[in-house]
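When you line the sequence shown up against our numbering, it's residues 19 to 190, in that order.
These notes concern the structure reproduced below.
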Amino acid sequence: MRFITHNDSFPFQNDYETPLTLGIDRMVLAAGATLQFPNRNRLVIDAGTCVTYDFVDENNHYLGGAISPGFRLRYESLHNYTAKLPLLPLENPEHFIGKSTNYAIHSGVVNGLVNEIDGFISQYQQQYSNFTIILTGGDAEFLAKRLKNTIFANSNFLLESLNALFSYKNQQ
């Protein structure tokens, strides 16, 4: 069995201020983006329990990103930290204006995250050209249909990135 650690070589320079705190999963995704989309600015969005944003520039420098709550954490937070809001499953809101408490929760959670992701993408696009966006994770398919921006959606990108990183390491 082989484990990937912070001490392994990666196809990018890690410019994160606290490199040992950067999750290995995020590093593998950044490696996959670097190897699969060379000579481009790359933003990897992993939508699962948390939504992580990881940016590797066209010169293969990992610059950092952001972390925010995913769908499940947003629903659970509303339920756990308020007196009366119910815990709901993920559901597509019928309209952005919720006409009941349940629909208002769905609208807030889903539209809030969709607008967050579109907002992050817009910020990156304003600063960087020659840009590729990769959306992955358990909620990638649900989100891909709702985002305004053109993205490469692949819910298996982490596994593909592990394979690409393994091949990269074997070629060294």
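C-beta atoms are modelled at their ideal positions from N, C-alpha and C, and glycine is treated no differently.
Just so it is clear, the structure is predicted and the values come from calculations on it, not from any experiment.
Whole-number beta carbon distance between L47 and Q69, since they are thought to touch under 8 Å: With the sequence shown as reference, residue 69 is identified as Val, and Gln is not the correct amino acid for it. Going by Cβ atoms, the distance from V69 to L47 rounds to 12 Å, so no, they are not a contact pair.
4-residue-minimum alpha helix (DSSP H) runs that sit fully inside the region 109-149, ordered along the chain: 119-124, 130-145
Contact between the region 101-120 and the region 20-35 (3+ Cβ pairs under 8 Å): no
Simplified DSSP assignment, three categories, for D195: Look at the range of the chain in this structure, 19 to 190, and you will see that residue 195 is not part of it.
Beta-carbon gap between I139 and F175 smaller than 8 Å: F175 sits away from I139, with the two beta carbons spaced by 8 Å or more.
Segment contact, 8 Å Cβ cut-off, at least three pairs: the region 127-139 with the region 43-58: no
Integer-rounded CB distance, given that P87 should sit under 8 Å from S95: 7 Å
Check whether A65 and L165 have beta carbons under 8 Å apart: no
Beta-carbon proximity of E76 to N98, cut-off 8 Å: no
Alpha-carbon spacing of L40 relative to T168, whole angstroms: 27 Å
Of the listed residues A101, R60, M45, D43, nearest to T150 (C-alpha basis): R60
Assigned exposure category for L177 - 16 Cβ within 10 Å defines buried: exposed
Delimiting residues of the alpha helix (DSSP H) encompassing N181: 175-189
Nearest-angstrom Cα separation, counted from L183 out to Q190: 11 Å
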